[in-house]
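Visitor:
There are 6 protein chains.
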Amino acid sequence: MAITYITRRERFSAAHRLFKPEFSDEENFRLFGQCSHPNWHGHNYELFITVKGEVNQDLGYVINLKQVSQIIREGVINKLDHKNVNVDVDFMQGKLASTENLAIAIWHQLEKPIREAGAQLHCVKVKETENNFVEYYGD
Amino acid sequence: MAITYITRRERFSAAHRLFKPEFSDEENFRLFGQCSHPNWHGHNYELFITVKGEVNQDLGYVINLKQVSQIIREGVINKLDHKNVNVDVDFMQGKLASTENLAIAIWHQLEKPIREAGAQLHCVKVKETENNFVEYYGD
Amino acid sequence: MAITYITRRERFSAAHRLFKPEFSDEENFRLFGQCSHPNWHGHNYELFITVKGEVNQDLGYVINLKQVSQIIREGVINKLDHKNVNVDVDFMQGKLASTENLAIAIWHQLEKPIREAGAQLHCVKVKETENNFVEYYGD
Amino acid sequence: MAITYITRRERFSAAHRLFKPEFSDEENFRLFGQCSHPNWHGHNYELFITVKGEVNQDLGYVINLKQVSQIIREGVINKLDHKNVNVDVDFMQGKLASTENLAIAIWHQLEKPIREAGAQLHCVKVKETENNFVEYYGD
Amino acid sequence: MAITYITRRERFSAAHRLFKPEFSDEENFRLFGQCSHPNWHGHNYELFITVKGEVNQDLGYVINLKQVSQIIREGVINKLDHKNVNVDVDFMQGKLASTENLAIAIWHQLEKPIREAGAQLHCVKVKETENNFVEYYGD
Amino acid sequence: MAITYITRRERFSAAHRLFKPEFSDEENFRLFGQCSHPNWHGHNYELFITVKGEVNQDLGYVINLKQVSQIIREGVINKLDHKNVNVDVDFMQGKLASTENLAIAIWHQLEKPIREAGAQLHCVKVKETENNFVEYYGD
Numbered sequence: 715m716a717i718t719y720i721t722r723r724e725r726f727s728a729a730h731r732l733f734k735p736e737f738s739d740e741e742n743f744r745l746f747g748q749c750s751h752p753n754w755h756g757h758n759y760e761l762f763i764t765v766k767g768e769v770n771q772d773l774g775y776v777i778n779l780k781q782v783s784q785i786i787r788e789g790v791i792n793k794l795d796h797k798n799v800n801v802d803v804d805f806m807q808g809k810l811a812s813t814e815n816l817a818i819a820i821w822h823q824l825e826k827p828i829r830e831a832g833a834q835l836h837c838v839k840v841k842e843t844e845n846n847f848v849e850y851y852g853d
Numbered sequence: 715m716a717i718t719y720i721t722r723r724e725r726f727s728a729a730h731r732l733f734k735p736e737f738s739d740e741e742n743f744r745l746f747g748q749c750s751h752p753n754w755h756g757h758n759y760e761l762f763i764t765v766k767g768e769v770n771q772d773l774g775y776v777i778n779l780k781q782v783s784q785i786i787r788e789g790v791i792n793k794l795d796h797k798n799v800n801v802d803v804d805f806m807q808g809k810l811a812s813t814e815n816l817a818i819a820i821w822h823q824l825e826k827p828i829r830e831a832g833a834q835l836h837c838v839k840v841k842e843t844e845n846n847f848v849e850y851y852g853d
Numbered sequence: 715m716a717i718t719y720i721t722r723r724e725r726f727s728a729a730h731r732l733f734k735p736e737f738s739d740e741e742n743f744r745l746f747g748q749c750s751h752p753n754w755h756g757h758n759y760e761l762f763i764t765v766k767g768e769v770n771q772d773l774g775y776v777i778n779l780k781q782v783s784q785i786i787r788e789g790v791i792n793k794l795d796h797k798n799v800n801v802d803v804d805f806m807q808g809k810l811a812s813t814e815n816l817a818i819a820i821w822h823q824l825e826k827p828i829r830e831a832g833a834q835l836h837c838v839k840v841k842e843t844e845n846n847f848v849e850y851y852g853d
Numbered sequence: 715m716a717i718t719y720i721t722r723r724e725r726f727s728a729a730h731r732l733f734k735p736e737f738s739d740e741e742n743f744r745l746f747g748q749c750s751h752p753n754w755h756g757h758n759y760e761l762f763i764t765v766k767g768e769v770n771q772d773l774g775y776v777i778n779l780k781q782v783s784q785i786i787r788e789g790v791i792n793k794l795d796h797k798n799v800n801v802d803v804d805f806m807q808g809k810l811a812s813t814e815n816l817a818i819a820i821w822h823q824l825e826k827p828i829r830e831a832g833a834q835l836h837c838v839k840v841k842e843t844e845n846n847f848v849e850y851y852g853d
Numbered sequence: 715m716a717i718t719y720i721t722r723r724e725r726f727s728a729a730h731r732l733f734k735p736e737f738s739d740e741e742n743f744r745l746f747g748q749c750s751h752p753n754w755h756g757h758n759y760e761l762f763i764t765v766k767g768e769v770n771q772d773l774g775y776v777i778n779l780k781q782v783s784q785i786i787r788e789g790v791i792n793k794l795d796h797k798n799v800n801v802d803v804d805f806m807q808g809k810l811a812s813t814e815n816l817a818i819a820i821w822h823q824l825e826k827p828i829r830e831a832g833a834q835l836h837c838v839k840v841k842e843t844e845n846n847f848v849e850y851y852g853d
Numbered sequence: 715m716a717i718t719y720i721t722r723r724e725r726f727s728a729a730h731r732l733f734k735p736e737f738s739d740e741e742n743f744r745l746f747g748q749c750s751h752p753n754w755h756g757h758n759y760e761l762f763i764t765v766k767g768e769v770n771q772d773l774g775y776v777i778n779l780k781q782v783s784q785i786i787r788e789g790v791i792n793k794l795d796h797k798n799v800n801v802d803v804d805f806m807q808g809k810l811a812s813t814e815n816l817a818i819a820i821w822h823q824l825e826k827p828i829r830e831a832g833a834q835l836h837c838v839k840v841k842e843t844e845n846n847f848v849e850y851y852g853d
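Chains as they are written, first to last, in this note's numbering: chain A, 715 to 853; chain B, 715 to 853; chain C, 715 to 853; chain D, 715 to 853; chain E, 715 to 853; chain F, 715 to 853.
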């Protein structure tokens with residue numbers, strides 16, 4: 715009866731912008747700084763998805779990592795990679811494209827398919843640059 | 715009365731294979747994919763051992779890191795580095811050589827000597843590739 | 715009502731030495747090994763400061779990361795970078811300059827200003843080398 | 715009379731798109747794949763600028779690294795960071811925003827100010843992702 | 715007329731062993747140390763393939779990186795990943811499975827297809843561990 | 715007749731200071747900035763030593779990497795690690811403790827023993843921080 719935590723890293727390169735559409739560029743700059751630049755900027759995001767569960771004695775794993783990777787790609791990476799977070803991503807519509815909101819929205823994309831595959835989503839970590847990252851544990 | 719967590723990274727390069735000896739190569743491939751390749755493959759594993767405890771006011775540390783490193787080398791690294799996980803490692807005999815089982819087995823190798831050295835084992839993290847790692851906290 | 719954890723990495727290069735002033739060089743060497751070298755040595759320290767809080771629905775963040783960075787620089791980095799931890803740093807006076815004590819002292823430097831800025835300090839992680847790091851959670 | 719090579723890393727986060735304006739989205743996709751996505755994507759670019767020269771016996775360096783960093787920031791980073799490579803950057807106007815063209819254009823931005831500062835530009839390396847980078851040596 | 719160098723990183727995890735079949739295990743250990751362990755060990759190898767050529771003014775690149783990646787995968791990665799370098803790899807038959815020989819053999823696998831694709835192979839770099847790598851430039 | 719380049723990474727943690735003893739602290743600060751801080755600062759230096767030579771057909775290598783590592787440790791690392799570059803290191807006496815001078819001095823420490831071991835020293839690379847490094851090729 716051993717609970718282990720398994721983490722899979724995936725990556726996506728995307729454009730985004732922090733802004734509120736009801737505000738002027740000046741007001742957005744005051745709130746969000748250079749991240750509000752109207753012509754977009756972008757990042758190589760790194761995504762660390764941690765799932766937990768009991769190790770199946772027969773197979774030596776909690777869940778097949780290939781399957782975890784496939785769930786992440788279908789639910790998240792294919793929608794974000796080489797895309798514009800604000801414009802192109804269905805699960806980010808109507809939300810500020812911050813790393814915090816991205817982590818929360820990715821949790822809601824993955825929680826159910828991970829559960830149906832027999833494990834439990836534990837943490838979504840989104841690393842925006844080598845100096846900044848956000849973690850969300852579902853609370 | 716301050717509890718700190720100290721992590722030491724060690725590394726080992728080893729061969730392994732995921733398979734059940736009672737199954738054919740075809741069945742093993744169906745279960746474990748290319749990780750079941752009969753002639754072995756291998757990894758540069760990274761091991762992150764986290765211990766916790768109160769900081770000794772007189773010495774400024776919980777436990778001497780040199781001692782932690784020595785415990786890890788004696789109990790784990792010397793048995794795994796430049797070895798075959800399935801064939802050569804006493805504490806992995808009879809177990810599937812998965813990263814999950816490796817993390818759990820390493821916990822049981824280290825829990826007692828770390829305790830006897832005056833600290834408490836908190837986490838064993840085994841990083842198999844830059845995209846995959848497993849954590850075990852003893853539960 | 716979503717709690718997220720945001721981590722900011724900052725860096726500082728500093729000299730230090732592990733030793734007790736009341737002991738001889740030989741006794742210090744016996745206790746702290748080469749880290750007690752009398753003419754100092756040094757490191758490129760990496761500091762990971764994790765804060766937590768509810769995401770502000772209007773702004774998409776818990777706390778402005780620029781502000782977190784500024785608090786860390788004013789309270790910690792400016793006092794440590796290109797300095798001698800033992801000699802120059804006010805908040806380390808009278809303490810052994812270990813990574814453990816550094817993490818705890820940095821916590822006490824940052825806890826209040828982070829709180830006043832509207833978030834909660836969650837973890838101080840000090841990475842001394844690629845093989846060693848210490849975490850402190852305030853307990 | 716010792717020639718040394720000094721490299722400074724700087725970083726910028728930018729949006730871009732590979733496309734030819736005279737082509738349709740379909741034609742651009744055929745040529746450039748997902749990198750042609752019309753709503754832009756982006757990267758955390760890393761820039762490695764290598765300069766060479768004789769070490770000044772009196773000062774122990776070829777050129778003050780602070781000055782190199784300032785030249786790179788003024789000529790390149792300030793124009794690219796949190797910007798759109800295709801839309802916002804004067805020295806990329808009329809050019810395909812490829813990593814190759816970016817490296818060549820950055821060379822032409824930096825060659826003269828580095829020379830006037832007393833060193834010689836040796837290499838511009840632009841790293842687009844952890845898997846791809848381009849080097850240009852001025853030939 | 716600008717010559718640029720483009721580098722693509724690919725990875726493979728493989729088992730290997732340094733030994734001469736005509737020697738005893740003891741003699742091989744004396745020559746190759748723990749790398750000669752009879753039951754194999756393994757690595758996460760990183761491969762950096764650098765090609766050079768003139769930038770096509772019309773397309774902004776020397777060669778399509780997707781094509782470079784495909785050539786490397788077909789000629790090298792598919793034969794090495796999750797395999798045993800000594801036993802499974804056609805282009806390593808009869809050779810000592812050293813990093814040096816691997817780099818040279820990979821050069822001969824890639825030189826012709828890279829040339830036929832319109833670029834010139836410049837360097838094969840094989841990184842065995844974070845502390846060791848070998849480069850071969852075709853001479 | 716294949717020439718390969720083999721690189722070995724070693725690390726050392728040291729204190730140093732950039733200053734000219736005949737100048738005042740103010741003058742040194744004007745010349746060297748915060749690197750001239752009188753109470754020292756320090757770094758985790760990374761050293762990349764590249765040697766070249768023909769691959770021995772019988773042994774599959776140019777030179778035994780263990781031997782390269784031993785030469786670097788004896789001639790360089792043991793003198794620098796956990797030391798003060800300005801005060802403790804015989805081969806840096808009377809020199810400004812800059813990364814440039816360090817790279818040149820390390821070259822002169824290693825050139826002869828590498829040659830006597832049957833290979834040729836090609837490059838000494840000293841990485842001071844993640845943003846700065848110096849290379850010296852013996853010219």
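Idealized CB from N, CA, C, for every residue including glycine.
It should be emphasised that the depicted structure is a prediction, and the values quoted were computed from it without experimental measurement.
Near residue 758 of chain C, which residues of its chain fall below 6 Å by C-beta distance, leaving aside the five closest residues on each side in sequence?
Guide: By 1-based counting over the third sequence, the position of residue 758 of chain C is 44. Here the set comprises 727.
Visitor: Just to confirm, is the Cβ distance from residue 833 of chain A to residue 776 of chain A under 7 Å?
Guide: Residue numbering aside, residue 833 of chain A sits at position 119 when the first sequence is read from its first letter. Residue numbering aside, residue 776 of chain A sits at position 62 when the first sequence is read from its first letter. It is a contact, given that the beta carbons lie within the stated cut-off.
Visitor: By DSSP's criteria, residue 814 of chain A is part of a beta bridge. Which residues make up the other side?
Guide: Locating residue 814 of chain A in the first sequence gives position 100, where the first residue counts as 1. Answer by DSSP bridge pairing: none, since residue 814 of chain A is not bridged.
Visitor: Does the segment 740-749 of chain A come into contact with the segment 737-756 of chain C, if we say contact requires no fewer than three beta-carbon pairs (one atom in each stretch) closer than 8 Å?
Guide: No: fewer than three Cβ pairs fall under 8 Å.
Visitor: Taking only beta carbons into account, state which residues of the segment 807-826 of chain A come closer than 9 Å to chain C, listed in chain order.
Guide: Answer set for the segment 807-826 of chain A: 809, 810, 811, 812, 813, 814, 815, 817, 818 and 821.
Visitor: Using 10 angstroms around the beta-carbon of residue 823 of chain F, count the other beta-carbons present and answer buried if the total reaches 16, otherwise exposed.
Guide: The count along the sixth sequence starts at 1 and reaches residue 823 of chain F at position 109. Its Cβ being crowded by 16 or more others within 10 Å, residue 823 of chain F is buried.
Visitor: Measuring CA to CA, which of C:729, C:725 and C:723 is closest to residue 797 of chain F?
Guide: Within the sixth sequence, residue 797 of chain F is the residue found at index 83, counting from 1. Nearest C-alpha to residue 797 of chain F: C:729.
Visitor: Any C-beta of chain A sitting closer than 7 Å to the C-beta of residue 719 of chain C?
Guide: As a working note, residue 719 of chain C is residue 5 in the third sequence. So yes, residue 719 of chain C belongs to the interface.
Visitor: Using a Cβ-Cβ cutoff of less than 8 Å, which residues in the same chain neighbour residue 846 of chain F once the five nearest sequence positions on both sides are dropped?
Guide: Along the sixth sequence, one-based indexing puts residue 846 of chain F at 132. If we look at residue 846 of chain F and ignore the five residues flanking it on each side, its Cβ neighbours are 813.
Visitor: Using beta carbons (cut-off 7 Å, strictly below), is residue 838 of chain E in contact with chain D?
Guide: Taking the fifth sequence and counting its residues from 1, the one referred to as residue 838 of chain E is at position 124. Chain D, which has no Cβ nearer than 7 Å to the Cβ of residue 838 of chain E, makes this no.
Visitor: By the 9 Å beta-carbon criterion, what residues does the segment 771-787 of chain C contribute toward chain F?
Guide: Under the 9 Å Cβ criterion, the segment 771-787 of chain C contributes no residue.
Visitor: Let me check understanding here. Comparing Cα to Cα, which of C:725, C:831, C:841 and C:756 lies closest to residue 800 of chain C?
Guide: As a working note, residue 800 of chain C is residue 86 in the third sequence. Of C:725, C:831, C:841 and C:756, the residue nearest in Cα terms is C:756.
Visitor: Select from F:802, F:780, F:809 and F:794 the residue whose C-alpha is nearest the C-alpha of residue 771 of chain D.
Guide: As a working mapping, residue 771 of chain D is identified with position 57 in the fourth sequence. If we check each option's Cα against that of residue 771 of chain D, F:809 comes out closest.
Visitor: I want to verify the contact list: residues of chain D whose CB lies under 9 Å from the CB of residue 765 of chain F, in sequence order.
Guide: For the purposes of this step, residue 765 of chain F is taken as the residue at position 51 of the sixth sequence. Result: empty, since nearest Cβ-Cβ is about 18 Å, beyond 9 Å.
Visitor: Can a CB atom of chain A be found closer than 7 Å to the CB of residue 737 of chain B?
Guide: Within the second sequence, numbered from 1, the residue matching residue 737 of chain B stands at position 23. With 7 Å as the cut-off, residue 737 of chain B does not count as an interface residue toward chain A.
Visitor: Rank A:734, A:742, A:752 and A:762 by C-alpha distance to the C-alpha of residue 844 of chain B and give the top, closest one.
Guide: By one-based count along the second sequence, residue 844 of chain B stands at place 130. Nearest option by C-alpha distance: A:762.
Visitor: Indicate the three-state DSSP secondary structure (helix, strand or coil) for residue 717 of chain A in the structure shown.
Guide: Residue numbering aside, residue 717 of chain A sits at position 3 when the first sequence is read from its first letter. Strand.
Visitor: When the cut-off is 7 Å and only beta carbons count, does residue 833 of chain F lie next to chain E?
Guide: Locating residue 833 of chain F in the sixth sequence gives position 119, where the first residue counts as 1. Closer than 7 Å: no.
Visitor: What did DSSP end up calling residue 783 of chain A once you bin it into helix, strand or coil?
Guide: Taking the first residue of the first sequence as position 1, residue 783 of chain A is located at position 69. The answer is helix: DSSP assigns residue 783 of chain A an H, G or I state.
Visitor: Going by DSSP, name the residue or residues bridged to residue 762 of chain D.
Guide: The sequence position of residue 762 of chain D within the fourth sequence is 48, counting from 1. Paired residue(s): D:723 and D:839.
Visitor: What residue range does the alpha helix (DSSP H) around residue 740 of chain B cover?
Guide: If you number the second sequence from 1, residue 740 of chain B lands on position 26. Counting along the chain, the alpha helix (DSSP H) containing residue 740 of chain B begins and ends at 739-746.
Visitor: Mind checking whether residue 825 of chain E and residue 837 of chain E have CB atoms under 7 Å apart?
Guide: Working through the fifth sequence from its first residue, we reach residue 825 of chain E at position 111. Working through the fifth sequence from its first residue, we reach residue 837 of chain E at position 123. No.
Visitor: Go ahead and label residue 830 of chain D buried or exposed: buried means 16 or more other beta carbons lie within 10 angstroms of its beta carbon, across all protein chains shown.
Guide: For the purposes of this step, residue 830 of chain D is taken as residue 116 along the fourth sequence, with counting starting at 1. Exposed, by the Cβ-count rule.
Visitor: What residues in its chain sit with their C-beta under 8 Å from that of residue 783 of chain E, if we drop five residues either side in the sequence?
Guide: Here residue 783 of chain E refers to the residue found at position 69 when the fifth sequence is read from its first residue. 722 and 724, listed in sequence order.
Visitor: Hey, is residue 789 of chain A's beta-carbon within less than 7 Å of any beta-carbon in chain D?
Guide: Position 75 of the first sequence, counted from the first residue, corresponds to residue 789 of chain A. So no, residue 789 of chain A is outside the interface.
Visitor: Please state whether the Cβ-Cβ distance between residue 720 of chain F and residue 765 of chain F is less than 7 Å.
Guide: Along the sixth sequence, one-based indexing puts residue 720 of chain F at 6. Along the sixth sequence, one-based indexing puts residue 765 of chain F at 51. Yes, Cβ-Cβ distance for residue 720 of chain F and residue 765 of chain F is below 7 Å.
Visitor: Mapping the DSSP letters down to three states, classify residue 771 of chain B as helix, strand or coil.
Guide: Residue 771 of chain B sits at position 57 when you count from the first residue of the second sequence. DSSP places residue 771 of chain B in coil when its eight states are reduced to three.
Visitor: Could you tell me the alpha carbon to alpha carbon distance between residue 795 of chain A and residue 803 of chain A, rounded to whole angstroms?
Guide: Translated into the one-based positions of the first sequence, residue 795 of chain A becomes position 81. Translated into the one-based positions of the first sequence, residue 803 of chain A becomes position 89. Those two C-alpha atoms are separated by around 10 Å.
Visitor: Any beta carbon from chain F within less than 7 Å of residue 845 of chain E's own beta carbon?
Guide: The count along the fifth sequence starts at 1 and reaches residue 845 of chain E at position 131. Yes, its Cβ sits closer than 7 Å to a Cβ of chain F.
Visitor: Measuring CA to CA, which of E:827, E:742 and E:754 is closest to residue 788 of chain E?
Guide: On the fifth sequence, position 74 is the one that residue 788 of chain E refers to. Of E:827, E:742 and E:754, the residue nearest in Cα terms is E:827.
Visitor: For the alpha helix (DSSP H) containing residue 800 of chain B, name the first residue and the last one.
Guide: Translated into the one-based positions of the second sequence, residue 800 of chain B becomes position 86. That run of the alpha helix (DSSP H) goes 799-802.
Visitor: Please state whether the Cβ-Cβ distance between residue 790 of chain E and residue 818 of chain E is less than 7 Å.
Guide: Position 76 of the fifth sequence, counted from the first residue, corresponds to residue 790 of chain E. Position 104 of the fifth sequence, counted from the first residue, corresponds to residue 818 of chain E. Contact flag unset, no.
Visitor: Can the beta-carbon of residue 742 of chain A be found less than 7 Å from the beta-carbon of residue 774 of chain C?
Guide: Position 28 of the first sequence, counting from 1, holds the residue named residue 742 of chain A. Position 60 of the third sequence, counting from 1, holds the residue named residue 774 of chain C. Against a cut-off of 7 Å, the Cβ pair of residue 774 of chain C and residue 742 of chain A comes out as no contact.
Visitor: Can you tell which of C:760, C:733, C:732 and C:753 has the C-alpha that lies nearest to the C-alpha of residue 840 of chain C?
Guide: Taking the third sequence and counting its residues from 1, the one referred to as residue 840 of chain C is at position 126. For residue 840 of chain C, the nearest C-alpha among the options comes from C:760.
Visitor: Quick check: the Cα distance between residue 715 of chain C and residue 853 of chain A, rounded to an integer number of angstroms?
Guide: Position 1 of the third sequence holds residue 715 of chain C. Position 139 of the first sequence holds residue 853 of chain A. So the two alpha carbons sit approximately 8 Å from each other.
Visitor: Would you kindly work out how many angstroms separate the C-alpha atoms of residue 778 of chain E and residue 733 of chain E, rounded to a whole number?
Guide: Here residue 778 of chain E refers to the residue found at position 64 of the fifth sequence. Here residue 733 of chain E refers to the residue found at position 19 of the fifth sequence. C-alpha separation (whole angstroms): 39 Å.
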